[in-house]
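Visitor: As they're listed, the protein sequences go chains A and B.
Note that the first sequence ends on residue 198 in this note's numbering; no numbers are left out.
Note that the second sequence ends on residue 198 in this note's numbering; no numbers are left out.
For glycine and all other residues, C-beta sits at the position ideal for the given N, C-alpha and C.
These figures come from a predicted structure and were not determined experimentally.
Protein chains: 2
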Amino acid sequence: MPRWPADSRERLATAALDLFSEHGYGAVTIDQIADRAGVTARTFFRQFQDKEEVLFADDDLLLPILLETIAEPSGPIEAGTLMERALVALADRMQPAHEALRRRQAVIDTDVALSGRELAKQARWEGTIATALTERGFRADDASLLAAIGFALFRRELHAWLADASPDAAPLADRVRAALPSLRTILDATTAN
Amino acid sequence: MPRWPADSRERLATAALDLFSEHGYGAVTIDQIADRAGVTARTFFRQFQDKEEVLFADDDLLLPILLETIAEPSGPIEAGTLMERALVALADRMQPAHEALRRRQAVIDTDVALSGRELAKQARWEGTIATALTERGFRADDASLLAAIGFALFRRELHAWLADASPDAAPLADRVRAALPSLRTILDATTAN
DNA sequence: CGAAGTGATGTCATGATCTGTCATGGGTTC
DNA sequence: GAACCCATGACAGATCATGACATCACTTCG
Numbered sequence: 006m007p008r009w010p011a012d013s014r015e016r017l018a019t020a021a022l023d024l025f026s027e028h029g030y031g032a033v034t035i036d037q038i039a040d041r042a043g044v045t046a047r048t049f050f051r052q053f054q055d056k057e058e059v060l061f062a063d064d065d066l067l068l069p070i071l072l073e074t075i076a077e078p079s080g081p082i083e084a085g086t087l088m089e090r091a092l093v094a095l096a097d098r099m100q101p102a103h104e105a106l107r108r109r110q111a112v113i114d115t116d117v118a119l120s121g122r123e124l125a126k127q128a129r130w131e132g133t134i135a136t137a138l139t140e141r142g143f144r145a146d147d148a149s150l151l152a153a154i155g156f157a158l159f160r161r162e163l164h165a166w167l168a169d170a171s172p173d174a175a176p177l178a179d180r181v182r183a184a185l186p187s188l189r190t191i192l193d194a195t196t197a198n
Numbered sequence: 006m007p008r009w010p011a012d013s014r015e016r017l018a019t020a021a022l023d024l025f026s027e028h029g030y031g032a033v034t035i036d037q038i039a040d041r042a043g044v045t046a047r048t049f050f051r052q053f054q055d056k057e058e059v060l061f062a063d064d065d066l067l068l069p070i071l072l073e074t075i076a077e078p079s080g081p082i083e084a085g086t087l088m089e090r091a092l093v094a095l096a097d098r099m100q101p102a103h104e105a106l107r108r109r110q111a112v113i114d115t116d117v118a119l120s121g122r123e124l125a126k127q128a129r130w131e132g133t134i135a136t137a138l139t140e141r142g143f144r145a146d147d148a149s150l151l152a153a154i155g156f157a158l159f160r161r162e163l164h165a166w167l168a169d170a171s172p173d174a175a176p177l178a179d180r181v182r183a184a185l186p187s188l189r190t191i192l193d194a195t196t197a198n
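#1: When the distance is taken between beta carbons, is B/E131 closer than 8 Å to B/F156?
#2: Examine the Cβ distances between the stretch 95-107 of chain A and the stretch 175-187 of chain A and report whether three or more of them are shorter than 8 Å.
#3: Flag this pair as touching only if the stretch 56-65 of chain A and the stretch 75-89 of chain A have three or more C-beta atom pairs under 8 Å; answer yes or no.
#4: Can a CB atom of chain A be found closer than 8 Å to the CB of B/T92?
#5: Could you tell me which uninterrupted alpha helix (DSSP H) segments, each at least 4 residues in length, are contained entirely in the stretch 86-168 of chain A, listed from first to last along the chain?
#6: May I have the straight-line CA-CA distance separating B/G43 from B/L22, to the nearest angstrom?
#7: Taking all protein chains shown into account, do 16 or more other C-beta atoms lie within 10 angstroms of the C-beta of B/R122, making it buried, or fewer, making it exposed?
#8: Helix, strand or coil for A/D40? Go by DSSP, reduced to three states.
#9: Please go through the same chain and pick out, in chain order, the residues whose beta-carbon is closer than 7 Å to the beta-carbon of B/Q127, but skip the five residues on each side of it.
#10: For chain B, is any of its Cβ atoms less than 8 Å away from the one on A/S171?
#11: Taking the alpha-carbon of A/L124 as reference, which of A/A148, A/A46 and A/L163 has the nearest alpha-carbon?
#12: Could you list the residues in the stretch 111-127 of chain A with a C-beta less than 9 Å from some C-beta on chain B, going in chain order?
#13: Looking at A/A20: is its Cβ nearer than 8 Å to the Cβ of A/D36?
#14: Using only CA atoms, which one of B/G80, B/Q110, B/W9 and B/E77 lies nearest to B/Y30?
#15: Checking contacts by CB at 8 Å: is B/L158 closer than that to chain A?
#16: Going by C-alpha to C-alpha distance, which of A/D55, A/W9 and A/R16 sits closest to B/A118?
#17: Locate the alpha helix (DSSP H) running through B/D17, then write down its first and last residues.
#18: Near A/L167, what residues of its chain come up, given a Cβ to Cβ distance below 7 Å and the 5 sequence neighbours on each side ignored?
#19: What separation, rounded to the nearest whole angstrom, lies between the Cα atoms of B/R8 and A/T48?
#20: Just to check my reading of the structure: B/L71 and B/I134 have Cβ atoms closer than 8 Å, yes? What is that Cβ distance to the nearest angstrom?
#21: Buried or exposed: A/L66, going by 16 or more other Cβ atoms within 10 Å of its Cβ?
#22: Using a Cβ cut-off of 7 Å, pull out every chain B residue sitting near A/S187, in sequence order please.
#23: Just tell me which of A/T74, A/G80 and A/D64 has its CA closest to the CA of A/E89.
#24: How would you label A/A137, buried or exposed, when you count the other beta carbons within 10 angstroms and need 16 or more for buried?
#25: Does chain B have any CB closer than 8 Å to the CB of A/A145?
#26: What residues from chain B crowd round A/R161, counting only those whose CB sits closer than 7 Å?
#27: Please classify A/Q52: does DSSP put it in a helix, a strand, or coil?
#28: At the level of alpha carbons, what is the spacing between A/A145 and A/A174?
#29: Give me the Cα-Cα distance between B/T115 and B/H28, rounded to the nearest whole angstrom.
#30: On the DSSP letters alone, give me the boundaries of the alpha helix (DSSP H) that A/A72 sits inside.
#31: How many Å lie between A/S79 and A/I38 at the Cα?
#32: If you count every other CB in all the chains shown that lies within 10 Å of the CB of A/D12, and 16 or more means buried, which is it?
#33: Rounded to a whole number of angstroms, what is the C-alpha to C-alpha distance between A/A18 and A/P10?
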């Protein structure tokens, strides 16, 4: 039998999200999180860089999905199609975690610093995607523009998906697929007076 | 004669940027900033919500430019044209501060939390722009998509502009104008193998 | 002209966040 | 079974951030 339970990191993450949801991010102290997880505050800071990071630590598990999807198809491919495949693959992977992601986003939305951290993470993904697209054969300029637009679109659909609590909410992947065509025409076709 | 010099806020902001540039954001304490500005740390926190905010406090002065440009033109207007006008107006206003903005961005780029705060600020602008576009007569969906894409593009050009230290660097407005047309064709026309 | 008020700042106290350092003691290795 | 490993605990300390109250040049008003 180990001297301590082996999953302190997971217990800390669970305790943190529960407490944040219940009392608000700012009202929860590291000591409270550590107490609920059965460890000391020092262990929290060994597992997570800071108080914010406990909400973002798992995000990087999703990045490989994007990279694999971009590298995978052989032969020439149109840029919009490739971007769509990558974003839909990401959406499919996120779909099962809808409820957990909603709780997490609800906490993030209450704090500017947390919102920023979320956007910074997405920006880092965006840069990685642009690099992958460049290695796939696109011009660097086109790649960065594609990545920027793709993520702007994805962010928008993700936000709508997370705001929809109904059990039969449209899947994120469907939303993403539906959104891409509108992008191709909006700049030319949309007018107002 | 006032009991104290009247510009403590400005002196704090200047001292902070100088110290951050010289020693790095993390290595500078509030006490050091306050000392250089000739006040106490308590006064720093009366002027700025927290240590990060001293780098972002002036940003909201730029937002009205966007809103005015969007509300201004009368008669029907094409969406892309309106977005271009707003972003070019913003770029023109930022142009004279190139050097100061470069120093500031150099500090921001060294810290994830600061990068996030910058993106969060831009996201807030994006939302305000989308609202303004809606009030201008565009459908809400189109407005948010337009705002998202416009800012994705602007971010990209802003980054390139800030990375260019040469005195005859292309003006930000020119970069923005040049980038918009590429957006209209990239999704359909770009292929790679 | 003097009393009362104003407001930016200082001073002090306190709690929260985060880090460095060393000790502890089951598990593992040889 | 001796030596080592390593996640955690324990403790000290620096920094960040906020609340409460005092100070005093300047302003306002009678």
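Guide: Considering the structure as presented:
#1: The sequence position of residue 156 of chain B within the second sequence is 151, counting from 1. The sequence position of residue 131 of chain B within the second sequence is 126, counting from 1. A contact, by the Cβ cut-off of 8 Å.
#2: yes
#3: no
#4: Along the second sequence, one-based indexing puts residue 92 of chain B at 87. Contrary to the premise, residue 92 of chain B reads as Leu rather than Thr in this sequence. Judged by the 8 Å Cβ criterion, B/L92 is not in contact with chain A.
#5: 103-113, 117-141 and 145-168
#6: As a working mapping, residue 43 of chain B is identified with position 38 in the second sequence. As a working mapping, residue 22 of chain B is identified with position 17 in the second sequence. Between B/G43 and B/L22, the C-alpha separation is close to 15 Å.
#7: Your numbering for residue 122 of chain B matches position 117 in the second sequence. Counting Cβ neighbours within 10 Å, B/R122 comes out buried, since at least 16 surround it.
#8: In the first sequence, residue 40 of chain A corresponds to position 35, counting from 1. A/D40: helix per DSSP, three-state reduction.
#9: Here residue 127 of chain B refers to the residue found at position 122 when the second sequence is read from its first residue. So the qualifying residues of the chain are F156 and R160.
#10: Sequence index remark: in the first sequence, residue 171 of chain A carries index 166 (1-based). Not an interface residue.
#11: Numbered from 1 along the first sequence, position 119 holds the residue referred to as residue 124 of chain A. Measuring from the Cα of A/L124, the nearest candidate turns out to be A/L163.
#12: V117, A118, L119, S120, G121, R122, E123, L124, A125, K126 and Q127
#13: Counting from 1 along the first sequence, the entry for residue 20 of chain A is found at position 15. Counting from 1 along the first sequence, the entry for residue 36 of chain A is found at position 31. No, the pair does not count as a contact, with Cβ atoms beyond the cut-off.
#14: One-based indexing of the second sequence puts residue 30 of chain B at position 25. Cα-wise, what sits closest to B/Y30 is B/Q110.
#15: The count along the second sequence starts at 1 and reaches residue 158 of chain B at position 153. True, the Cβ-Cβ gap to chain A drops below 8 Å.
#16: Walking along the second sequence from the start, residue 118 of chain B turns up at place 113. Checking every option, the nearest Cα to that of B/A118 belongs to A/D55.
#17: Residue mapping note: residue 17 of chain B aligns to position 12 of the second sequence, counting from 1. It is Leu, not Asp, that sits at residue 17 of chain B in the sequence shown. Per DSSP, B/L17 belongs to the alpha helix (DSSP H) from S13 to H28.
#18: By one-based count along the first sequence, residue 167 of chain A stands at place 162. L106, R107 and Q110, listed in sequence order.
#19: Counted from its first residue, the second sequence places residue 8 of chain B at position 3. Counted from its first residue, the first sequence places residue 48 of chain A at position 43. Going by the C-alpha atoms only, they are around 49 Å apart.
#20: Translated into positions along the second sequence, residue 71 of chain B becomes position 66. Translated into positions along the second sequence, residue 134 of chain B becomes position 129. That pair is a contact at about 6 Å.
#21: Within the first sequence, residue 66 of chain A is the residue found at index 61, counting from 1. Counting Cβ neighbours within 10 Å, A/L66 comes out exposed, since fewer than 16 surround it.
#22: Indexing the first sequence from 1 puts residue 187 of chain A at position 182. Under the 7 Å cutoff, chain B gives L150.
#23: Residue mapping note: residue 89 of chain A aligns to position 84 of the first sequence, counting from 1. Of the candidates A/T74, A/G80 and A/D64, the one whose C-alpha sits nearest the C-alpha of A/E89 is A/T74.
#24: As a position in the first sequence, residue 137 of chain A is number 132, starting the count at 1. By the neighbour-count rule (16 or more Cβ atoms within 10 Å), A/A137 is buried.
#25: Taking the first sequence and counting its residues from 1, one reaches residue 145 of chain A at position 140. Not an interface residue.
#26: Here residue 161 of chain A refers to the residue found at position 156 of the first sequence. In chain order: S149, L150 and A153.
#27: One-based indexing of the first sequence puts residue 52 of chain A at position 47. Here A/Q52 sits in helix by DSSP.
#28: The residue labelled residue 145 of chain A in the question sits at position 140 within the first sequence. The residue labelled residue 174 of chain A in the question sits at position 169 within the first sequence. Going from the Cα of A/A145 to the Cα of A/A174 covers about 37 Å.
#29: Residue 115 of chain B sits at position 110 when you count from the first residue of the second sequence. Residue 28 of chain B sits at position 23 when you count from the first residue of the second sequence. Approximately 12 Å between the Cα atoms of the pair.
#30: Within the first sequence, the letter at position 67 stands for residue 72 of chain A. According to the sequence shown, residue 72 of chain A is Leu rather than Ala. Note, A/L72: alpha helix (DSSP H), L68 to A76.
#31: Numbered from its first residue, the first sequence carries residue 79 of chain A at position 74. Numbered from its first residue, the first sequence carries residue 38 of chain A at position 33. Their Cα atoms are separated by approximately 48 Å.
#32: Taking the first sequence and counting its residues from 1, the one referred to as residue 12 of chain A is at position 7. Answer is exposed; the Cβ neighbour count stays below 16.
#33: Within the first sequence, residue 18 of chain A is the residue found at index 13, counting from 1. Within the first sequence, residue 10 of chain A is the residue found at index 5, counting from 1. When rounded, the distance between both Cα atoms is 15 Å.
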